[in-house]
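First residue of the sequence shown? That's 378 in the working numbering, and the numbers climb one at a time after it.
Scroll down for the structure; my scribbles are underneath it.
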Amino acid sequence: MTVEQNVLQQSKSQKHQQTFLNQLREITGINDIQVLQQALKDSNGNLELAVTFLTAKNAKVPQQEEATYYQTALPGNDRYISVGSQADTNVIDLTGDDKDDLQRAIALSLEESNRAFRETGITDEEQAISRVLEASIAENKASLKRTHPEVWSDSPNPYDRKRQDSCPVGLKNVGNTCWFSAVIQSLFNLLEFRRLVLNYNPPASAQDLSRNQKEHRNLPFMRELRYLFALLVGSKRKYVDPSRAVEILKDAFKSNDSQQQDVSEFTHKLLDWLEDAFQIKAEEERDGEKPKNPMVELFYGRFLAVGVLEGKKFENTEMFGQYPLQVNGFKDLHECLEAAMIEGEIESLHSENSGKSGQEHWFTELPPVLTFELSRFEFNQALGRPEKIHNKLEFPPILYLDRYMHKNREITRIKREEIKRLKEYLTVLQQRLERYLSYGSGPKRFPLVDVLQYALEFASSKPVCTSPIDDIDASAPPSGTVTAQTIPSTTEQQGPSSSEIPSTSPVQRSVIHKPFTQSRIPPDLPMHPAPRHITEEELSVLEGCLHRWRTEVENDTRDLQESISRIHRTIELMYSDKSMVQVPYRLHAVLVHEGQANAGHYWAYIYDHHQRRWMKYNDISVTKSTWEELERDSFGGYRNASAYCLMYINDKEQFLIQEEFNKETGQMLLGVDTLPPDLKDYVKEDNKRFEKELEEWDAELAQKVQQEKLLATQTPRMPAPSSAPVQAGEPEYLEQPSRTDLSKHLKEDSVRAITKALAEQEDRSPETVMQMAIKLEYARLLKLAQDDPPPECDYRLHHAVVYFMQNEAPKKIIERTLLEQFGDHNLSFDERCRNIMKVAQAKLEMIKPDEVNMEEYERWHQEYRNYRETTMYLMVGLELFQKKSYMEALLYLIYAYQNNKELLSRGLYRGHDEELISHYRRECLLKLNEHAAALFESGDDQEVNNGLIIMNELIVPCLPLLLVDETEEKDIAAVEDMRNRWCSYLGQEMEPNLQEKLTDFLPKLLDCSTEIKGFNDPPKLPSYSTHELCERFARIMLSLSRTPADGR
378 MTVEQNVLQQ
388 SKSQKHQQTF
398 LNQLREITGI
408 NDIQVLQQAL
418 KDSNGNLELA
428 VTFLTAKNAK
438 VPQQEEATYY
448 QTALPGNDRY
458 ISVGSQADTN
468 VIDLTGDDKD
478 DLQRAIALSL
488 EESNRAFRET
498 GITDEEQAIS
508 RVLEASIAEN
518 KASLKRTHPE
528 VWSDSPNPYD
538 RKRQDSCPVG
548 LKNVGNTCWF
558 SAVIQSLFNL
568 LEFRRLVLNY
578 NPPASAQDLS
588 RNQKEHRNLP
598 FMRELRYLFA
608 LLVGSKRKYV
618 DPSRAVEILK
628 DAFKSNDSQQ
638 QDVSEFTHKL
648 LDWLEDAFQI
658 KAEEERDGEK
668 PKNPMVELFY
678 GRFLAVGVLE
688 GKKFENTEMF
698 GQYPLQVNGF
708 KDLHECLEAA
718 MIEGEIESLH
728 SENSGKSGQE
738 HWFTELPPVL
748 TFELSRFEFN
758 QALGRPEKIH
768 NKLEFPPILY
778 LDRYMHKNRE
788 ITRIKREEIK
798 RLKEYLTVLQ
808 QRLERYLSYG
818 SGPKRFPLVD
828 VLQYALEFAS
838 SKPVCTSPID
848 DIDASAPPSG
858 TVTAQTIPST
868 TEQQGPSSSE
878 IPSTSPVQRS
888 VIHKPFTQSR
898 IPPDLPMHPA
908 PRHITEEELS
918 VLEGCLHRWR
928 TEVENDTRDL
938 QESISRIHRT
948 IELMYSDKSM
958 VQVPYRLHAV
968 LVHEGQANAG
978 HYWAYIYDHH
988 QRRWMKYNDI
998 SVTKSTWEEL
1008 ERDSFGGYRN
1018 ASAYCLMYIN
1028 DKEQFLIQEE
1038 FNKETGQMLL
1048 GVDTLPPDLK
1058 DYVKEDNKRF
1068 EKELEEWDAE
1078 LAQKVQQEKL
1088 LATQTPRMPA
1098 PSSAPVQAGE
1108 PEYLEQPSRT
1118 DLSKHLKEDS
1128 VRAITKALAE
1138 QEDRSPETVM
1148 QMAIKLEYAR
1158 LLKLAQDDPP
1168 PECDYRLHHA
1178 VVYFMQNEAP
1188 KKIIERTLLE
1198 QFGDHNLSFD
1208 ERCRNIMKVA
1218 QAKLEMIKPD
1228 EVNMEEYERW
1238 HQEYRNYRET
1248 TMYLMVGLEL
1258 FQKKSYMEAL
1268 LYLIYAYQNN
1278 KELLSRGLYR
1288 GHDEELISHY
1298 RRECLLKLNE
1308 HAAALFESGD
1318 DQEVNNGLII
1328 MNELIVPCLP
1338 LLLVDETEEK
1348 DIAAVEDMRN
1358 RWCSYLGQEM
1368 EPNLQEKLTD
1378 FLPKLLDCST
1388 EIKGFNDPPK
1398 LPSYSTHELC
1408 ERFARIMLSL
1418 SRTPADGR
């Protein structure tokens, strides 16, 4: 091994040790670095075993002198974290109580583990990664066997999977791999990183590498990562499948365990593999110089640890990649960084005689891409499981890191001292202000200015000479029927009858008839208590004092508040001078986690530096976003979502986000033009396969249409009655050749109008009567359209023309609709109506094509049919809901809401009350969720499976419908309630099979994608006449008005 390789290996080992310590601190919640180091030492670097040592109930707590922690950091040592040595033992007797024997046995086991690593090249950490990847692949395969694959699999219509213009390409979640999508998309959108991956060429000496390194890890993964990045650049698909890259990761290790992967752990391992792959290439291409690894250059920096141990100073340089930060107890990113950069008592850094110990970290070299891990999980010792920290933590879009740089340490120390002094002064001022705002010595305290105001109001009130009790006694009737001492309680009042008590006494009436108003103050008493005896001179002096004191208190309070605001502002601007804003880092990506510690969903917000906007990458869904949405989902404190990883880039290093240009023409390269020749061919082949899918789909549809036309031509037509030809294009809900109730309803309206027209019209010619009848019918329908009826009486259901009028349909559409009503063949039952029917039919035939747009006419009638259909979905859904048939009701309400939303998008009066449908859809889901949870809690295998079927087939597919509109706060809250109900099971004891089912199900429930994944066919609707539809709709709406709305 060369000297350069040795140095790099030591640097990597050092980095791994720091990573292990950070993960141990995060998992166990133990912050004592000595305990963590000793556990890591005893476990010989095995993370799982170290956690077991730290969390076991009777585990031996590692003891270590303080000097042990700092000994490796003293001058002369180049490593900061010590690694324990293995025990040298053979056969060990564990039958006794000797704990040393137990430790030696563990060491022997670790030696076996290390021997296995030397033979296979697979570490325990890599095996843990393998378990997760195998679980992801198994989940992907298992998804093919689900009852309703349309919910989870690709849409059969390739046009649903077609990329729109230059929209970014998504990544398919192939089973618990949202963590993979979030990290890969964040890195892919770093253009420099993208270029490095796309232009990577395997080393020529790859065939000489060991089988472990070549075929099971770096190079195969790099090949698939190149293919995946190429598809993300130039694919015509809306999203691409990363299964092959995940398969490579899985095949690199062997394990059978399963869990959902952690973003920071995966990112650590991913960068390690990429670093190794580029190191091989760098060593091959070097010309006697130290090889430069682009991954190290891009993602790794250095900091200087400056410390004091018992009065002795030391300095040590460390390399870091992802920088870990604690979240608990801090309000923003700078507070986290300040705490991470200072450990122990830093006051001793400037003293030679102090016995205290502490250290500071100063960045000496920042990487172009700086990643912060936000530790949002801690181990609950009482419950024996990790828990998520939901505290709010703010972070800026631009982060200035000058205050943490080694070159600025002197000025930063001065500023820190000044901030410390200001905060101490601020604490004193806040305590003084609190005394003004919470005055008093009892449990209830009030602002002092209010206390003085109340005293002033009391003193200024009108004096009274009698006590309140005497005043009430004097107002009692002479007979003494009711006195102040004998007023009965509301449960004991039996007093004299109303005839014995004068009706003019309000007090007596209240005693007998209105027990809840007996404490009402008589009108001749003051509204507030008042002093009984006070002279004008006393009142004048007292008012003067109270006014003066109140003014003094107001001034003091205002001065304190202004001083506090000034100090806050001074602290905020402490680092705003020009010398401290020279190292800007811009926020590039935020990786968000929603859920609990044991389960959840990841997605990423990534900044588009050229379009200057935020994008949300949620598996296959890629949408435009805003900083406000990012704040809500990432800061924490709202719902169960919060940032887990922040990726900042140096704002002065434009090469990170610089587009490529053609060297000859100077034009920007876009899409597949940015790819190397081999990847360009790969993408073109994949696009050809997708285009073939589209062509096959079009051909299949064309064939179906052709078959339908052929079938229609072969179907024999029934001859229509000669006396009543049916109008072409007649709407389905108007009179059909068969005598339906709908036809009868319209016929009755027409006959009524004709009869009235004959009575009012002297000229009884058919044309004149028809015109009068249409005029009367139009007036009747216009009145209905202008009325404001209660919800149970919807006149739009009575007639299409009412719907048209309320939605301002063109006059020609309304006129033709009325003509068709009076030209219907059902009016041929007597001579009088038959003549009018013939006139109307003749008028219809005279209408020229350019007078009425028949396409527009059909669109209006189709919309009315949709409205009636939506009404029936709503009506049937509400009827089933009232019968507590929630599973059956849900699908009707889902389709009612979706259809109604589409109608309302075209006009306010084209659909029903959206809030009403939303409420019952939401209630239906909540009740089904409660029912499914109850089945799960029963523990019975059959009932548990039934409960999960309800969740997987009914509730989970509906959640995107509730999340798609982020303004519907009640829907979002309902989704959170349902998720929290199931997440609450994570900390409970349950059978292993239940735990396995819960772990498999929760990621689906917590998936935040708003992609509508698929539905069953719409439920079939019964045939209703207009009369029956109106009657049933009125009945169900009336019943709702009598039923509590459960918070609607």
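Quick reminder that beta carbons are idealized off the backbone N, C-alpha and C, glycines included.
Checklist entry - Nearest to His1289 by alpha carbon, out of Phe823, Ile1151, Glu1320 and Tyr1250? => result Taking the sequence shown and counting its residues from 1, the one referred to as residue 1289 is at position 912. Ranking the options by Cα distance to His1289, first place goes to Tyr1250.
Checklist entry - Among the residues of its own chain, which have a CB less than 6 Å from the CB of Lys769, if the five just before and after it don't count? => result Translated into positions along the sequence shown, residue 769 becomes position 392. So the list reads Phe1012, Gly1013 and Gly1014, once near-sequence residues are dropped.
Checklist entry - Taking buried to mean at least 16 other C-beta atoms within 10 Å of its own C-beta, is Met1328 buried or exposed? => result Indexing the sequence shown from 1 puts residue 1328 at position 951. Residue environment: Met1328 is assigned as buried (16 or more neighbouring CB atoms within 10 Å of its CB, all protein chains considered).
Next on the checklist: By the three-class DSSP mapping on this structure, what secondary structure does Cys1022 have?
Outcome noted: Counting from one through the sequence shown, the residue named residue 1022 turns up at place 645. Reduced to three states, the DSSP call for Cys1022 is strand.
Item to check | Residue closest to Pro987, alpha-carbon to alpha-carbon, out of Glu1137, Gln1035, His1202 and Glu1077 | outcome: As a position in the sequence shown, residue 987 is number 610, starting the count at 1. This sequence places His at residue 987; Pro is not what is there. With distances taken between Cα atoms, His987 lies closest to Gln1035.
Checklist entry - Cα-Cα, which of Arg1412, Cys922 and Pro1396 is closest to Tyr1272? => result As a first step, residue 1272 must be located in the sequence shown, where it is residue number 895. Nearest of Arg1412, Cys922 and Pro1396 to Tyr1272, Cα basis: Pro1396.
Item to check | Other residues of its chain near Ile788: CB distance less than 6 Å, five sequence neighbours each side excluded | outcome: The residue labelled residue 788 in the question sits at position 411 within the sequence shown. Taking Ile788 as the centre and dropping the five residues before and after it, the same chain places no C-beta closer than 6 Å to its C-beta.
Item to check | 7 Å Cβ shell around Leu1196 - same chain, five flanking residues per side excluded | outcome: Looking up residue 1196 in the sequence shown gives position 819. For Leu1196, where only same-chain residues beyond five positions count, the Cβ hits under 7 Å are Ala1217, Lys1220 and Leu1221.
Checklist entry - Roughly how many whole angstroms lie between the Cα atoms of Glu1232 and Phe643? => result The residue given as residue 1232 occupies position 855 in the sequence shown. The residue given as residue 643 occupies position 266 in the sequence shown. C-alpha of Glu1232 to C-alpha of Phe643: approximately 57 Å in a straight line.
Item to check | DSSP three-state assignment for Lys518, whether helix, strand or coil | outcome: The residue labelled residue 518 in the question sits at position 141 within the sequence shown. Because Lys518 carries a pLDDT of 42, less than 50, the predicted location of this residue cannot be relied on, and no value is offered for it.
Checklist entry - How would you write the range of the alpha helix (DSSP H) that His711 sits in, first residue to last? => result Counted from its first residue, the sequence shown places residue 711 at position 334. First-last of the alpha helix (DSSP H) with His711: Leu710 to Met718.
Next on the checklist: Per DSSP, what are the beta-bridge partners of Leu737 in this structure?
Outcome noted: Here residue 737 corresponds to residue number 360 of the sequence shown, with the count starting at 1. Looking at the sequence provided, one finds Glu at residue 737 rather than Leu. DSSP lists Val683 and Ile719 as partners of Glu737.
Checklist entry - Thinking C-beta only, is Leu1267 closer than 8 Å to Leu1302? => result Counted from its first residue, the sequence shown places residue 1302 at position 925. Counted from its first residue, the sequence shown places residue 1267 at position 890. A contact, by the Cβ cut-off of 8 Å.
Checklist entry - Which word fits Phe655, buried or exposed, when buried means at least 16 other C-beta atoms lie within 10 angstroms of its C-beta? => result Sequence index remark: in the sequence shown, residue 655 carries index 278 (1-based). Counting Cβ neighbours within 10 Å, Phe655 comes out buried, since at least 16 surround it.
Checklist entry - Straight-line CA distance for Asp1028 to Gln808? => result Taking the sequence shown and counting its residues from 1, the one referred to as residue 1028 is at position 651. Taking the sequence shown and counting its residues from 1, the one referred to as residue 808 is at position 431. So the two alpha carbons sit approximately 42 Å from each other.
Checklist entry - Would you call the segment 1016-1033 and the segment 945-957 in contact, with 3 or more CB pairs under 8 Å? => result In short, these stretches do not touch, since the Cβ pair count stays below three.
Next on the checklist: Taking 8 Å as the cut-off, does the segment 1249-1265 touch the segment 1233-1241 (at least 3 CB pairs, one atom from each stretch)?
Outcome noted: When C-beta atoms of the segment 1233-1241 are compared with those of the segment 1249-1265, fewer than three pairs fall below 8 Å, so the two segments do not count as touching.
Next on the checklist: Closest to Leu686 by C-alpha separation, out of Ser734, Leu714, Lys658 and Ile719, would be which residue?
Outcome noted: As a working note, residue 686 is residue 309 in the sequence shown. When only C-alpha atoms are compared, the closest one is Ser734.
Next on the checklist: Can you tell me whether Lys669 is helix, strand or coil according to DSSP?
Outcome noted: On the sequence shown, position 292 is the one that residue 669 refers to. DSSP, read as helix, strand or coil, puts Lys669 in coil.
Checklist entry - Are Pro1380 and His978 touching if we call contact CB-CB under 8 Å? => result Along the sequence shown, read from residue 1 onward, the residue named residue 1380 stands at position 1003. Along the sequence shown, read from residue 1 onward, the residue named residue 978 stands at position 601. Taking 8 Å as the Cβ cut-off, Pro1380 and His978 qualify as a contacting pair.
Next on the checklist: Taking DSSP's pairing of strands, which residues face Val999 in a bridge?
Outcome noted: For the purposes of this step, residue 999 is taken as residue 622 along the sequence shown, with counting starting at 1. In the DSSP output, where bridge partners are listed per residue, Val999 has Tyr994.
Checklist entry - In three-state terms, what does DSSP make of Thr1248? => result As a first step, residue 1248 is located in the sequence shown; it is residue number 871 there, counting from the start. Note: Thr1248 maps to helix in three-state DSSP.
Checklist entry - Opposite Ala981 in the DSSP bridges: which residues? => result Here the question's residue 981 lines up with position 604 in the sequence shown. Note: Ala981 sits in a beta bridge opposite Leu968 and Tyr994.
Item to check | Cβ-Cβ separation, Val560 to Leu602 (assumed contact under 8 Å), whole Å | outcome: Here the question's residue 602 lines up with position 225 in the sequence shown. Here the question's residue 560 lines up with position 183 in the sequence shown. Distance from Leu602 to Val560 at the Cβ level is roughly 12 Å; contact not present, criterion being Cβ atoms closer than 8 Å.
Item to check | Under the three-state DSSP convention, the category Arg927 falls into | outcome: Translated into the one-based positions of the sequence shown, residue 927 becomes position 550. Per DSSP, reduced to three states, the secondary structure at Arg927 is helical.
Checklist entry - Whose CA, out of Pro1399, Glu1330 and Leu968, lies closest to the CA of Glu750? => result By 1-based counting over the sequence shown, the position of residue 750 is 373. Leu968 is the residue among Pro1399, Glu1330 and Leu968 whose C-alpha sits nearest the C-alpha of Glu750.
Checklist entry - Quick one, are the C-beta atoms of Val1060 and Ser612 less than 8 Å apart? => result Working through the sequence shown from its first residue, we reach residue 1060 at position 683. Working through the sequence shown from its first residue, we reach residue 612 at position 235. Yes, Cβ-Cβ distance for Val1060 and Ser612 is below 8 Å.
Checklist entry - So, is Asn1277 buried or exposed, given that buried needs 16 or more other C-beta atoms within 10 angstroms? => result Here residue 1277 is taken as the residue at index 900 of the sequence shown, counted from 1. Buried.
Checklist entry - Since Met696 is in the beta strand (DSSP E), which residue starts that stretch and which ends it? => result Numbered from 1 along the sequence shown, position 319 holds the residue referred to as residue 696. From DSSP, the beta strand (DSSP E) with Met696 extends over Lys689 to Phe697.
Item to check | Top-ranked residue by Cα proximity to Trp739, from Phe697, Ile944 and Tyr1269 | outcome: For the purposes of this step, residue 739 is identified with residue 362 of the sequence shown, where counting begins at 1. Checked all of Phe697, Ile944 and Tyr1269; the closest Cα to Trp739 is Phe697.
Next on the checklist: At the level of alpha carbons, what is the spacing between Arg621 and Lys549?
Outcome noted: The residue given as residue 621 occupies position 244 in the sequence shown. The residue given as residue 549 occupies position 172 in the sequence shown. Taking the straight line joining both Cα atoms gives about 12 Å.
Next on the checklist: What residue range does the alpha helix (DSSP H) around Phe606 cover?
Outcome noted: The sequence position of residue 606 within the sequence shown is 229, counting from 1. Secondary structure note for Phe606: its alpha helix (DSSP H) is the uninterrupted segment Asn595 to Gly611.
Checklist entry - Is there contact here, the segment 604-619 with the segment 1037-1055, by at least three beta-carbon pairs under 8 Å? => result Counting Cβ pairs under 8 Å, three or more are found: they touch.
Checklist entry - If you drop the 5 nearest sequence neighbours on each side, which residues of the same chain put their C-beta closer than 7 Å to that of Asp1010? => result Residue mapping note: residue 1010 aligns to position 633 of the sequence shown, counting from 1. Val969 and Ala1018.
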